[in-house]
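Working notes, beginning with the structure itself.
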Amino acid sequence: MTRLAYNLFLLVTAPLWLVYVAARMLGGSWRDRWQERFGFVPVPPPADKPRIWVHCVSVGETLAAQPVVKLLRQTLPDYEIVFSTTTPTGQQTAQSSLRDFVDYFIYFPLDLPFAVRRVLRRVQPRMLILFETELWLNLLTEQKRRGGRVLVLNGRISDRTAQRAPKSRPIYHHMLRCVDFICAQSPTDAA
Numbered sequence: 004m005t006r007l008a009y010n011l012f013l014l015v016t017a018p019l020w021l022v023y024v025a026a027r028m029l030g031g032s033w034r035d036r037w038q039e040r041f042g043f044v045p046v047p048p049p050a051d052k053p054r055i056w057v058h059c060v061s062v063g064e065t066l067a068a069q070p071v072v073k074l075l076r077q078t079l080p081d082y083e084i085v086f087s088t089t090t091p092t093g094q095q096t097a098q099s100s101l102r103d104f105v106d107y108f109i110y111f112p113l114d115l116p117f118a119v120r121r122v123l124r125r126v127q128p129r130m131l132i133l134f135e136t137e138l139w140l141n142l143l144t145e146q147k148r149r150g151g152r153v154l155v156l157n158g159r160i161s162d163r164t165a166q167r168a169p170k171s172r173p174i175y176h177h178m179l180r181c182v183d184f185i186c187a188q189s190p191t192d193a194a
């Protein structure tokens, strides 16, 4: 029921966020590779190697993820690593600093059911690692439905998110049920 309400909200507000997406595409920040936002990622289906998908929003999270990605490459050499970001600056940082450790770089899709399903069908991650507070209802639900694991590393809850939490408690409850492991920044964030 929570996911249905969430997706109905996305549908009702579609005119607003479609204007936002169009402005980003026309304004330049999403001009290149915009189709990845809708799930059309340049990643072939996996042949015989399992995959891990690591997601960071921007530069700060990407820098925080570097030691983890390098450790994953070292300890799980038979896995392919897919790395996504939301921002172009995060993508540039990831490609310049992690090109020797990552197999595929993509932009994170919008949390629309069709976009999320399309990406997960292509990437097929055994494990999805999200940095900080990148919790998206459709992505988490679909990853769990497909039998994949979800980890949140360097997790935190901002003051703004904490203030909104009572209003969106059912959504957060649903999302957190999809997460297998959380490594929080502080005891307050862990609570």
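Positions in the sequence shown are counted from 1; adding 3 to them yields the working numbering. All C-beta atoms in this analysis are idealised placements derived from N, C-alpha and C, irrespective of residue type, glycine included. Only a predicted model underlies this, so the values are computations on that prediction, with no experimental measurement involved.
Partner residues in the beta bridge of residue 152, as assigned by DSSP, are 130.
Short of 6 Å from the beta carbon of residue 113, and not among the five residues preceding or following it, lie these beta carbons of its own chain, in chain order: 40. Pairwise C-beta distances place the stretch 139-156 in contact with the stretch 108-123, as three or more of them are shorter than 8 Å. With 16 or more other Cβ atoms inside 10 Å of its own Cβ, residue 54 counts as buried. Our two residues, residue 176 and residue 139, have alpha carbons roughly 12 Å apart in a direct line.
Residue 39 is bridged by DSSP to nothing; it lacks a bridge partner. Looking at the backbone, the Cα of residue 84 and that of residue 186 are separated by about 20 Å. Counting along the chain, residue 184 sits inside the beta strand (DSSP E) bounded by residues 184-187.
Where residue 61 is concerned, there is no enclosing beta strand (DSSP E), because DSSP gives it neither an H nor an E.
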